[in-house]
Amino acid sequence: PGGEQGDSSPLLAAAYIIELLTTSNDTDSSDASGTDSVKTSCTFGGHASQARHLKWCAHPSPPKRFVSSAEGDRFVHVWDVPDSEVKNGKLAASLSMDADIQEISVLSQSSNNTLLDLSVASKIVLSPIPDELSTSSKSSSTQIPTLLPRSTISLSKKPASNTHIVSATFRPAEKSILAALLSNGVH
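Mind the numbering: the sequence shown is residues 1131 to 1317 in my numbering, read in order.
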């Protein structure tokens, strides 16, 4: 997401903790260089290893949700961006895969978001991300909602087949998915 000059523009940065950074180009500041000032407005913790993928869910606009996956992890997390006064982000949902996550993509349409997950087992899973995910704040349960896969795409497992899906993403203009395959490649 971005903004016009003078507006705050949220950015996500990650290592083991994900940070929501707010930048602003304050023309009234004493710094005459015109550079942006950056501050951490919120943190999100939930991956045991370094975050590898961060994708905004563009619906609704402006985005209030993003997804993340981490290196060597079989989970994709859906995060809700809190109001400005809250410093810790909230895990809204998760999706468990059969193997480590290789790539994620989000298709944001006018009324919904759909998550694409590619695992190292060459399986693509498509899951809708419902608008209403958060559990009630009055509930004492710490259970996180689970995304439910709608479709799964995988290659046939013929014994002689040495083909793997190495990348996948949505192609919104064509209303399709683009997948890159590696056949008899280097291991």
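All residues carry an ideal CB built from backbone N, CA and C; glycine is no exception.
Rounded to the nearest whole angstrom, the C-alpha separation of P1275 and A1222 is 7 Å. The Cβ atoms of H1177 and Y1146 sit closer than 8 Å to each other. The C-beta distance from Q1232 to S1249 rounds to 6 Å, short enough to meet the 8 Å contact threshold.
Membership of G1202 in any beta strand (DSSP E) is not indicated, and neither H nor E is assigned to it by DSSP.
CA-to-CA, the gap between P1140 and T1170 works out to about 10 Å. Annotation for T1152: S1138, P1140, K1169 and S1171 place their beta carbon closer than 7 Å to its own, counting only its chain and skipping 5 residues before and after.
Of the residues P1193, L1225, S1198 and T1165, the one whose Cα lies closest to the Cα of S1179 is S1198. Membership of A1298 in the beta strand (DSSP E) is indicated by the continuous run T1293 to R1301. A straight line joining the alpha-carbon of I1234 with that of E1149 spans about 19 Å. If you ignore the 5 residues before and after K1194, its C-beta comes within less than 7 Å of the C-beta of D1210 and V1211, all in its own chain and listed in chain order. When rounded, the separation of the alpha-carbon atoms in A1251 and T1165 is 44 Å. Straight through space, the alpha carbons of S1284 and R1301 are spaced by roughly 18 Å. Going by beta carbons, L1245 and L1277 fall inside the 8 Å limit. At a Cβ-Cβ threshold of 8 Å, L1256 and R1280 count as neighbours. Setting aside the 5 residues that flank it on each side, N1243 is surrounded in the same chain by C1187, A1188, H1189, R1195, V1236, L1237, P1258 and I1259, each with a C-beta closer than 8 Å to its C-beta; the list follows chain order.
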